[in-house]
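Q: Attaching a single structure in structure tokens format; questions to follow.
Numbering (UniProt numbering), first residue to last: 1 to 384.
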């Protein structure tokens with residue numbers, strides 16, 4: 001067995017082992033919540049936002065349109081939901097990675113896919129039975145193959161993802177800032193149509209979500225829990241007391257300002273990566289499994305390994321640290337100073353890469369992908 005195949009076998013076993021361990025550890029908890037909630041809604045005639053999983057504070061936290069998408073889960077046993085969700089996560093991960101690296105050589109795709117499946121947010125998505133990779137696929141496919149190529153359907157994927165879960169709506173902001181007016185209009189219209197359609201079918205559930213459930217952060221867990229790797233989560237873990245909300249608003253506005261400056265002139269993958277960073281930072285709740293949006297960030301770091309080794313090594317250090325689950329060593333509360341760093345690794349690396357991530361791959365010969373750059377009127381593409 002040559003070294004290439006041996007390396008691939010080791011990576012595949014590591015990825016498979018980590019997925020199995022995570023699935024056993026979390027036992028598809030979020031899929032359990034989804035399936036029990038939609039079963040309560042569709043089969044027991046209850047109001048979905050009144051449902052709480054037994055013995056927990058967790059209930060259905062997505063918009064009503066997501067309930068429509070998840071409706072089949074009301075009629076399937078958990079083992080079938082887990083099997084279908086697990087297979088979908090693995091397949092979608094491989095597909096999305098193939099979009100990012102754009103190579104016809106099976107070996108780099110296989111290696112990159114194993115590394116992606118071992119990435120903590122992806123394996124957490126797998127273990128919890130979450131939908132994050134499916135949302136990433138909707139948005140990434142839209143940005144890379146719709147928006148970047150000026151397709152008439154560009155924006156539909158972003159709109160659907162936003163209607164399912166509000167966080168991808170940050171990519172509508174990306175379309176507006178980069179002046180992709182048609183795609184922005186399509187995405188807004190798609191999200192609005194899906195949301196209004198769900199409201200027409202389930203007016204009571206829609207009213208409950210938009211006026212109450214959406215604003216109740218207690219439904220998703222404690223903000224200060226170490227898995228919340230957003231700016232709000234980091235600030236909640238600091239002794240800021242009454243100043244926390246004001247500091248958070250200032251930090252969010254600052255992050256949006258830096259992102260708006262940096263995202264102009266990016267190519268498609270750069271826009272996807274920088275906007276993924278922004279979404280992770282400014283969302284009030286960004287659990288570790290939400291951070292699959294950082295996959296294109298790691299690809300961009302690798303693409304610039306020759307021209308910008310500093311960024312490459314930042315990406316390597318970030319990947320290695322989070323894959324060791326070091327953040328969860330501080331699950332019972334960080335104690336400064338080093339523990340504050342360990343408990344906020346995702347946040348700190350996101351802030352650093354918001355400034356440092358190259359807008360484009362500056363080494364065409366070393367890049368594994370070639371995507372048509374987003375054309376922003378009056379702004380030229382440049383790597384920094």
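Backbone N, C-alpha and C fix where the C-beta goes; we use that ideal spot for every residue, glycine too. Keep in mind the model is a prediction, meaning the values are calculated, not measured.
In this structure, how does DSSP classify residue 375 when only helix, strand and coil are distinguished?
A: At residue 375, the pLDDT of 45 sits below 50, so the modelled position is not reliable; the number obtained from the coordinates is stated separately. In this structure, residue 375 counts as coil in the three-state DSSP scheme.
Q: If you draw a straight line from the C-alpha of residue 45 to the C-alpha of residue 36, how long is it?
A: If I take the Cα positions, the gap works out to 12 Å.
Q: Compare the C-alpha of residue 332 against each of 298, 230, 225 and 285 and name the closest.
A: 225
Q: Taking the CB atoms as reference points, tell me whether residue 82 and residue 28 lie closer together than 7 Å.
A: yes
Q: Report the residue from 326, 354 and 214 whose alpha carbon sits nearest the alpha carbon of residue 345.
A: 326
Q: Rounding to the nearest angstrom, what Cα-Cα distance links residue 69 and residue 148 in this structure?
A: If you draw a straight line from the Cα of residue 69 to the Cα of residue 148, it is about 27 Å long.
Q: Does DSSP classify residue 305 as helix, strand or coil?
A: coil
Q: Would you tell me roughly how many angstroms separate the C-alpha atoms of residue 38 and residue 265, rounded to the nearest one?
A: Computed Cα separation, rounded: 43 Å.
Q: Could you check which residue in 356, 262 and 328 has the C-alpha nearest to that of residue 307?
A: 356
Q: List in chain order: all unbroken alpha helix (DSSP H) runs of 4+ residues lying wholly within the region 191-234.
A: 203-211
Q: Taking the alpha-carbon positions, what's the residue 14 to residue 341 distance?
A: 27 Å
Q: Name the residue from 185, 176, 286 and 172 whose alpha carbon lies nearest to the alpha carbon of residue 217.
A: 286
Q: Residue 111 and residue 11 look like a contact to me (Cβ under 8 Å); what is the Cβ gap, rounded to whole Å?
A: Sure, about 6 Å apart at Cβ, within 8 Å.
Q: Excluding the 5 residues preceding and the 5 following residue 59 in the sequence, name in chain order all residues of the same chain whose CB lies nearer than 6 Å to its CB.
A: 51, 52 and 219
Q: Can you tell which of 176, 192, 179 and 121 has its C-alpha closest to the C-alpha of residue 162?
A: 192
Q: Any idea what DSSP makes of residue 3, helix, strand or coil?
A: DSSP, read as helix, strand or coil, puts residue 3 in helix.
Q: Throw me the rounded Cβ distance for the residue 155 and residue 175 pair, which I believe falls under 8 Å.
A: 7 Å
Q: Does the beta-carbon of residue 183 have 16 or more other beta-carbons within 10 angstroms, so that it is buried, or is it exposed?
A: buried
Q: Report the three-state DSSP secondary structure of residue 168 (helix, strand or coil).
A: Shown here, residue 168 sits in a helix according to DSSP, grouped into three states.
Q: In chain order, what residues of the same chain have a beta carbon less than 8 Å from the beta carbon of residue 330, not counting five sequence neighbours either side?
A: 226, 339, 342 and 343
Q: Can you tell me which of 203, 20 and 125 puts its alpha carbon nearest to the alpha carbon of residue 291?
A: Distance from the Cα of residue 291 is smallest, within the candidate group 203, 20 and 125, for 125.
Q: Using the three-state DSSP reduction, which class does residue 366 fall into: helix, strand or coil?
A: The predicted model places residue 366 with a pLDDT of 40, which falls under 50 and marks its position as unreliable; any figure quoted below should be read in that light. Helix, per DSSP.
Q: Do the CB positions of residue 288 and residue 121 come within less than 7 Å of each other?
A: yes
Q: Can the beta-carbon of residue 31 be found less than 7 Å from the beta-carbon of residue 127?
A: Their beta carbons are not under 7 Å apart, which means residue 31 does not touch residue 127 by this criterion.
Q: Going along the chain, which residues of its own chain have a beta-carbon closer than 8 Å to the beta-carbon of residue 204, five neighbours each way excluded?
A: 47
Q: Please classify residue 133: does DSSP put it in a helix, a strand, or coil?
A: helix
Q: So, are the CB atoms of residue 281 and residue 231 less than 7 Å apart?
A: yes
Q: Is the region 236-249 touching the region 312-321 in the sense that three or more CB pairs, one from each, lie closer than 8 Å?
A: no
Q: Using CA coordinates, which residue listed in 169, 4 and 85 is at the minimum distance from residue 34?
A: 85
Q: Measure the beta-carbon distance from residue 190 to residue 233 and round it to whole angstroms, keeping in mind my assumption that it falls under 8 Å.
A: Actually they do not touch by this definition, with Cβ atoms about 30 Å apart.
Q: Less than 6 Å between C-beta atoms, sequence neighbours within five positions excluded: which residues of the same chain meet that for residue 194?
A: 65 and 163
Q: For the alpha helix (DSSP H) that contains residue 268, what are its first and last residues?
A: 268-282
Q: Considering only residues of the region 308-367, which uninterrupted alpha helix (DSSP H) runs meet the minimum length of 4 residues and lie entirely inside it, listed in chain order?
A: 309-323, 338-342 and 345-356
Q: Taking residue 350 as the reference, which of 283, 187 and 74 has the closest Cα?
A: Closest by alpha carbon: 283.
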